[in-house]
Each structure stands twice: as structure tokens, then as C-alpha cells.
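Only one structure is covered here, and it is reproduced in the block below.
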Amino acid sequence: MLEIGTGTGYSGALLAIRAGASGRVTSVDISEDLVGWATRLHQRRGVTTITCHTADGLNGYPPHAPYQRIAAWCAPPRLPRAWVEQLTPDGRIVACLPIAEQPCTTLIATITLSAGQPHVETVTFGGYAQSTATAVDDALTLPGRWVDHHTGHPQPAWVSIGWREHDDPHHTGARAALNLLRRPGHTETYQRAPLDWLSWTAYSVIVGGSQRSFVALDDGRRGIGHTTASTAAIILADGTILADTADSPSLAALRTWLNHWEQAGRPGPDWFGISLVPNEEDELPGWDLQITAG
784 MLEIGTGTGY
794 SGALLAIRAG
804 ASGRVTSVDI
814 SEDLVGWATR
824 LHQRRGVTTI
834 TCHTADGLNG
844 YPPHAPYQRI
854 AAWCAPPRLP
864 RAWVEQLTPD
874 GRIVACLPIA
884 EQPCTTLIAT
894 ITLSAGQPHV
904 ETVTFGGYAQ
914 STATAVDDAL
924 TLPGRWVDHH
934 TGHPQPAWVS
944 IGWREHDDPH
954 HTGARAALNL
964 LRRPGHTETY
974 QRAPLDWLSW
984 TAYSVIVGGS
994 QRSFVALDDG
1004 RRGIGHTTAS
1014 TAAIILADGT
1024 ILADTADSPS
1034 LAALRTWLNH
1044 WEQAGRPGPD
1054 WFGISLVPNE
1064 EDELPGWDLQ
1074 ITAG
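Under our numbering, the first residue of the sequence shown is numbered 784, with each subsequent residue one higher.
Listed below in C-alpha cells is the structure:
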């Protein structure tokens, strides 16, 4: 088995128990410190069926391939081709994959092979921190990719916009949208709170399209909604809605999205259509996880 994301070593120890005396677990992490710490813990506790290595898990770990199982405790940009190539024909991958090019917008997929091609067997709501090319102290406060503007004062805040291709190189539109939401002119409470945040996160990808934005505010609260360079509206996980004005076009769009979500019955993971679409991007060839309305 291949574990991508050694962390503290705890999950690797559990996997070693699951694999049994004849099983072997290979654990890789980008952080040399975490790998060293986990290795020492395993040695102290007499766990001999796991080895930890410093490596970029997006490349898998060819020296010990092939693997019957691959589990990743991080969110790569897509399903890497390397993982599929290092899987046995009857193997299985469990991975957290993005469903939009925005942070915190993922599903956890169980993937199997059919005629050498990956297929999604099941999905569930959830997610992990984004994978990074180098070790970082904090992968949660400021995600490593798909953040279009951020500020550190007075506290960290950032925005990820679906319309980044239409913004200018200086991210002027993203900056303006974040500023509108940091100092909103209108606040209201969603009348059907509490939200099913995980359902809303996935559904908003479908209904929001390129106008969907994900925002993290100075106080740590996070929201999803509609933004442009001149209007903005989001709903936070606690049901608070923030907008630039009471008659904001973005607020009208957000209300429409929420109404469609409610009409769909706040769908669970089985409601969505799921597919893996090949993407041969040079930096990380593989497959994008895409969702459609069920």
C-alpha cells in the first residue's frame, strides 16, 4: 500500500495494522521533518511493516510499485497519472480531488481500474488541505493554489474567483470583490439555516459556474457566492449572507442559486453525476474530477 501524506505517522500505523503481518505500507511526505519523526515513532513502537520516505507524492513512489491500494491525505490538482500507472489491475485509490479550480472544493473518491483506465466507484463529501510542491508550516490559512487575491492585514483573508481568466494580470477584479465582502454594505440571515455546507459546496459548483467564488474573511469565516469586479454576495457556513448592497445583482444571483439547491433537496453525494476527464497538462498529467447535475 502507498500512503501519500505521512503526517504524524498515526494513519500509517493504522494502515500497517490493517495490512497485517504480510502487508507492506510505503508512506511518503514532502516534509523531511515529518518523515523523520514518523520513522522514529514507528521504530519505538515496533512497527516494522511500514517505511517512510521524503518525496513528492504526486509522483507516487516508483521504487516500491506496484500497489494494491493508494490513499492520499491531501488534495492534488487532479488525479495524477503516476498513481494510476503504479496501481495493480485490481487495485483501488482513495483520494481527495477538486471539482473546481478553487480551494476547499473537493470530493473524496474511490477509484478503480477497468481495462487500465480509472473509474470512480463512489464519492463522499469531504476534503483535505491542498498538496504543495514544498513543505509548508500552514497549508490551511492560505491555500497554495487558486487564490486570486489575498491580504494579511489585519488578519489573513483571500478570495478565489471562477472568472479569473477575465480578470487583469494585477487581479484588480478579485481584489475589489474581496474588499466589498470585507466591508459589506448589507447583511442578512438565511431563513433556512442551518446549511448542509458540504452539499452546498458541491452543488454551488454546478449552479454557480464561472461566477462562483470562495472567500475566507479576516475572522476566519469562509463563504461561497457570486462575485464580479463591482458586486459581491456570499453565504457563510453559519447562514450569514454578506453583500455589497441590499439590491446587489450578486445577491439576487446567490438567492437564485440557493433556491435551486433547496429545490434539488440539498442533494447528497450520490445525486451528482461523476466522471474522470483526461487532462494532459505538462506539469501534472492525469484526470480531472468533474460533476454534473444528477
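Even for Gly, the Cβ is constructed at its ideal location relative to N, Cα and C.
ask   = Quick one: Cα of L961 to Cα of R827, how far?
value = Position 178 of the sequence shown, counted from the first residue, corresponds to residue 961. Position 44 of the sequence shown, counted from the first residue, corresponds to residue 827. Each residue's alpha carbon lies about 49 Å from the other.
ask   = What's the C-alpha gap between T789 and V1060?
value = Working through the sequence shown from its first residue, we reach residue 789 at position 6. Working through the sequence shown from its first residue, we reach residue 1060 at position 277. Near 28 Å, if we compare the C-alpha coordinates of V1060 and T789.
inquiry  = Which residue marks the beginning of the beta strand (DSSP E) containing T871, and which one marks its end?
reply    = Indexing the sequence shown from 1 puts residue 871 at position 88. 870–881 is the extent of the beta strand (DSSP E) around T871.
inquiry  = To the nearest angstrom, how far is the alpha carbon of H954 from that of W929?
reply    = Locating residue 954 in the sequence shown gives position 171, counting from the first residue. Locating residue 929 in the sequence shown gives position 146, counting from the first residue. Taking the straight line from one Cα to the other gives about 12 Å.
request  = Please go through the stretch 990–1066 and give each complete beta strand (DSSP E) segment of 3 or more residues, from N-terminal end onward.
outcome  = 995–999, 1005–1010, 1015–1019, 1023–1026, 1056–1062
ask   = Starting from S897 and walking both ways along the beta strand (DSSP E), at which residues does that stretch end?
value = Translated into positions along the sequence shown, residue 897 becomes position 114. Segment 889–897, the beta strand (DSSP E) holding S897.
query = In terms of DSSP beta bridges, what is Q885 paired with?
reply = Sequence index remark: in the sequence shown, residue 885 carries index 102 (1-based). In the DSSP output, where bridge partners are listed per residue, Q885 has none listed.
message = Suppose the cutoff is 8 Å on Cβ atoms and the five residues either side in sequence are ignored; what does the same chain contact list for P863 look like?
response = Translated into positions along the sequence shown, residue 863 becomes position 80. Here the set comprises L841, N842, G843, L1067, P1068, G1069.
query = Do V998 and W1044 come within 8 Å of each other at the CB atom, strictly closer than that value?
reply = For the purposes of this step, residue 1044 is taken as residue 261 along the sequence shown, with counting starting at 1. For the purposes of this step, residue 998 is taken as residue 215 along the sequence shown, with counting starting at 1. For the 8 Å CB-CB criterion, W1044 and V998 do not form a contact.
ask   = With distances taken between CB atoms, is the gap from G829 to S810 smaller than 8 Å?
value = What you label residue 829 is simply residue 46 of the sequence shown in a count that begins at 1. What you label residue 810 is simply residue 27 of the sequence shown in a count that begins at 1. No, these two residues do not count as a Cβ contact at 8 Å.
message = Rounding to the nearest angstrom, what Cα-Cα distance links P845 and P952 in this structure?
response = In the sequence shown, residue 845 corresponds to position 62, counting from 1. In the sequence shown, residue 952 corresponds to position 169, counting from 1. If I take the Cα positions, the gap works out to 38 Å.
ask   = Is it buried or exposed for A892, if we count other Cβ within 10 angstroms and need 16 for buried?
value = The count along the sequence shown starts at 1 and reaches residue 892 at position 109. Classification for A892: buried.
query = In chain order, what residues of the same chain have a beta carbon less than 6 Å from the beta carbon of A1076, not counting five sequence neighbours either side?
reply = Your numbering for residue 1076 matches position 293 in the sequence shown. Answer for A1076: I989, listed in chain order.
request  = Pick helix, strand or coil for Q938, following the three-state DSSP scheme.
outcome  = Position 155 of the sequence shown holds residue 938. Residue state, collapsed to three classes: coil.
key: Whether I813 touches T888 by CB criterion (8 Å)   = Looking up residue 813 in the sequence shown gives position 30. Looking up residue 888 in the sequence shown gives position 105. Cβ atoms of I813 and T888: not closer than 8 Å.
query = So, using beta-carbon positions, are P1050 and T907 closer together than 8 Å?
reply = Indexing the sequence shown from 1 puts residue 1050 at position 267. Indexing the sequence shown from 1 puts residue 907 at position 124. The answer is no: Cβ separation not under 8 Å.
message = Assuming contact is defined by CB atoms lying nearer than 8 Å, are R875 and D1071 in contact in what I supplied?
response = The count along the sequence shown starts at 1 and reaches residue 875 at position 92. The count along the sequence shown starts at 1 and reaches residue 1071 at position 288. The answer is no: Cβ separation not under 8 Å.
key: Reduced DSSP secondary structure (H/G/I, E/B, other) of H825   = By 1-based counting over the sequence shown, the position of residue 825 is 42. Helix, per DSSP.
ask   = H932: which of D921, I944, S914, S993 sits nearest, CA to CA?
value = Position 149 of the sequence shown, counted from the first residue, corresponds to residue 932. Nearest of D921, I944, S914, S993 to H932, Cα basis: I944.
Residue range of the beta strand (DSSP E) that includes Y850 = Working through the sequence shown from its first residue, we reach residue 850 at position 67. Start and end: 850–855.
task = Going by DSSP, name the residue or residues bridged to D951.
result = On the sequence shown, position 168 is the one that residue 951 refers to. DSSP lists no partner for D951.
task = Could you pull out every residue in the same chain whose Cβ sits closer than 6 Å to the Cβ of E971, ignoring the five residues on either side in sequence?
result = Start at 1 with the first residue of the sequence shown, and residue 971 comes out as number 188. If you ignore the 5 residues before and after E971, its C-beta comes within less than 6 Å of the C-beta of I1024, all in its own chain and listed in chain order.
ask   = In three-state terms, what does DSSP make of G808?
value = On the sequence shown, position 25 is the one that residue 808 refers to. Sequence check: residue 808 is Val here, not Gly. Residue state, collapsed to three classes: strand.
task = Write down the C-beta distance between L890 and A985 rounded to the nearest angstrom, noting that I regard them as a contact closer than 8 Å.
result = The residue you call residue 890 lines up with position 107 of the sequence shown. The residue you call residue 985 lines up with position 202 of the sequence shown. Yes, they are in contact, since the Cβ atoms of L890 and A985 sit about 7 Å apart, within 8 Å.
task = Can you tell me the Cβ-Cβ gap for A940 and D1001, rounded? I've got them flagged as a contact below 8 Å.
result = Locating residue 940 in the sequence shown gives position 157, counting from the first residue. Locating residue 1001 in the sequence shown gives position 218, counting from the first residue. Taking C-beta atoms under 8 Å as the contact rule, A940 and D1001 qualify, at a distance of about 5 Å.
inquiry  = Give me, in chain order, the residues of the same chain whose beta-carbon lies closer than 8 Å to that of S982; leave out the 5 immediate sequence neighbours on both sides.
reply    = Against the sequence shown, residue 982 aligns to sequence position 199. These residues qualify, in order along the chain: F908, W1044, R1049, P1050, G1051.
task = With DSSP collapsed to three states, give me the class of T1075.
result = Along the sequence shown, one-based indexing puts residue 1075 at 292. Assigned with DSSP and collapsed to three states, T1075 falls in strand.
Own chain, CB closer than 8 Å to V903, minus 5 neighbours either side, in chain order = In the sequence shown, the residue the question calls residue 903 occupies position 120. Excluding positions up to five away in sequence, the list reads A892, T893, I894, I1057, S1058, L1059, L1072.
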